[in-house]
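See below for the structure under consideration.
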Amino acid sequence: MTMNKQGIVIHPEELTDSMIGMLKGTCINVLGLHPVGGARADEKLRGFLTLFSSETFQEKLKKVRELGIAVEYEMHALSWMLPRDLYEIHPEWFREDKEKKRVRDFNMCVSNEEALEYISGRAAELASLLRSDTGRYYFWIDDVKDAFCCCEKCRRLTPSDQAMLLYNAILKGIRRADPNARQCYLAYLDTMEVPRTVRPEEGIFLEFAPMYRDTKTPLGENRCEENQRYVRDLGPLLSYFGKKDFQVLEYWLDNSLFSGWKKPPKKIAVDLDTIRADIRFYRERGAEGITTFGCYLSDDYQELYGKPPIGEYAGCFLQKPAADSAEENRT
Ligand SMILES: [Zn+2]
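Count the sequence shown with this note's numbering and you get residues 469 to 799, in order.
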């Protein structure tokens, strides 16, 4: 029997005492820490590792764990695992763009065995620095669309195949540091399609992140074309990856997205009925972990608008599953 995980994903610097206070007494049992992605993800991850090693931050994590909340790390780690300055000595480790030029901007050449071995080693290092409380790891490829390798060998691989090769290499590495580790395949942007030729190794699980969904309309309703596209993508993904460890990363509380990734944060408006309907939708499809980005809701938000709806969000998980209420009606 696996326990349902329900969580929230925030930026590390947003883990303040008042944030911990808001998590207290809720049914949230997983906290994901997410250094900012984008083009400067490696720099942000280095900054996080420095913060992480400080006593004050470790003290905060201790308080979180005392609430029965497990800590995980979710981030675009590829540019940290394959530092861009390696281009000077190993340009062949980097991707070839459509003009047949090796470029170091994003991702890498997934047909280069040496480069794959290198990121396995770096993934092991990162997993030993940021050991997950749950054994689940979310070391993602770069946070960008349309930036895969077009070299002779990689050309036959779809973006999802290329991502799958990278996640398999990352899994191999993190298992050296944590033998029970599992690594996600992030279905997001260009990788929503099922890989065609590369199989996931044992220990890879599906993480589904429907970034462009409408968070005010339940996924299961056919009012919104964008949502329907995600619903259509999810079925084949689940058949391919299976339900074991299936994790949803939602945007219901992603105030960084709603604020256009610009401070000051805007006032968030959440639709709790949609969240409740979506939770039912995902649980019916076997989701073990359901979490949402909840960035831009920390102290600066509270100063402007008061308490963010984190407790209300957590309350959405407390609805009774349909099967249970039927059971009750019988007596
Ligand atoms: Zn290549």
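For each residue, glycine too, the CB sits at the ideal point set by N, CA and C.
Going straight from the alpha carbon of residue i to that of residue j, what length do you get?
i	j	result
Ala538	Glu689	33 angstroms
Pro733	Ser724	7 angstroms
Trp548	Glu511	8 angstroms
Ala583	Asn575	11 angstroms
Glu564	Cys619	5 angstroms
Phe761	Ile778	11 angstroms
Glu567	Leu674	33 angstroms
Pro503	Thr742	27 angstroms
Glu669	Lys684	36 angstroms
Ser637	Tyr773	Just to set this straight, residue 637 is Ala in the shown sequence, not Ser. So the two alpha carbons sit approximately 44 angstroms from each other.
Asn472	Pro776	24 angstroms
Ser578	Glu482	Sequence inspection shows Val at residue 578; the Ser mentioned does not correspond to that position. C-alpha separation (whole angstroms): 35 angstroms.
Ile672	Gln474	20 angstroms
Trp729	Ser486	22 angstroms
Asp768	Leu740	23 angstroms
Tyr635	Lys711	17 angstroms
Phe709	Glu771	43 angstroms
Leu594	Arg514	11 angstroms
Met490	Arg697	34 angstroms
Lys492	Glu756	22 angstroms
Arg751	Lys788	12 angstroms
Pro480	Arg533	15 angstroms
Ile747	Met679	16 angstroms
Thr659	Ala631	7 angstroms
Leu625	Lys531	45 angstroms
Tyr586	Lys569	22 angstroms
Give the single residue among the options whose Cα lies nearest to the Cα of residue i.
i	options	result
Ser600	Asn695, Ser766, Arg563 and Gln651	Gln651
Leu499	Leu513, Asp510, Gly506 and Thr484	Thr484
Leu535	Lys566, Thr494 and Phe616	Thr494
Lys735	Asn636, Gly489 and Phe726	Phe726
Asp646	Ile609, Pro627 and Thr602	Thr602
Arg604	Arg643, Glu718, Arg572 and Leu786	Arg643
Asp713	Arg744, Lys731, Pro678 and Ile758	Ile758
Ala592	Ala545, Pro627 and Asn695	Ala545
Arg508	Arg681, Thr524 and Asp611	Asp611
Leu639	Pro663, Trp608 and Phe676	Trp608
Taking its Cβ as the centre, do 16 or more other Cβ atoms sit within 10 Å of residue i, making it buried, or is it exposed?
i	result
Gln526	exposed
Ser596	exposed
Arg590	buried
Cys784	buried
Ile557	exposed
Leu550	buried
Pro704	exposed
Glu693	exposed
Leu786	exposed
Ala649	buried
Tyr606	buried
Thr665	exposed
Ser628	buried
Asp792	Note that Asp792 scores 49 on pLDDT, short of 50, meaning its location in the model is unreliable; the coordinates nonetheless yield the value given after this. With fewer than 16 Cβ atoms within 10 Å of its Cβ, Asp792 is classed as exposed.
Thr524	exposed
Asp614	exposed
Met469	In this predicted model, Met469 has a pLDDT of only 48, less than 50, meaning its place in the structure is not dependable enough to derive any value.
Asp722	buried
Arg572	buried
Ile476	buried
Glu542	buried
Tell me which residue opens and which closes the beta strand (DSSP E) that residue i is part of.
i	result
Ala538	Ala538 to His544
Ala655	Arg650 to Ala655
Thr759	Gly757 to Phe761
Gly475	Lys473 to Ile478
So the alpha helix (DSSP H) residue i belongs to, where does it begin and stop?
i	result
Tyr719	Where Tyr719 is concerned, there is no enclosing alpha helix (DSSP H), given that its DSSP letter is neither H nor E.
Thr742	Leu740 to Glu752
Ala782	Ile778 to Gly783
Glu771	Asp767 to Tyr773
Checking contacts by CB at 8 angstroms: is residue i closer than that to chain D?
i	result
Trp729	Within the model displayed, chain D is absent; a lone protein chain is all it includes.
Problem - Whole beta strand (DSSP E) elements within the stretch 653 to 713, 3-residue minimum - result: 672 to 676
Problem - Within 5 angstroms of ligand 3: residues by beta-carbon to any heavy atom - result: Among the ligands modelled here, namely ligand 1, ligand 3 does not occur.
Problem - Completely contained alpha helix (DSSP H) runs for the stretch 571 to 648, where each covers 4 or more residues - result: 581 to 597 and 627 to 645
Handout entry: Every unbroken alpha helix (DSSP H) within the stretch 489 to 566, with a cutoff of 4 residues, ordered by chain
Key = 509 to 520, 523 to 534 and 546 to 549
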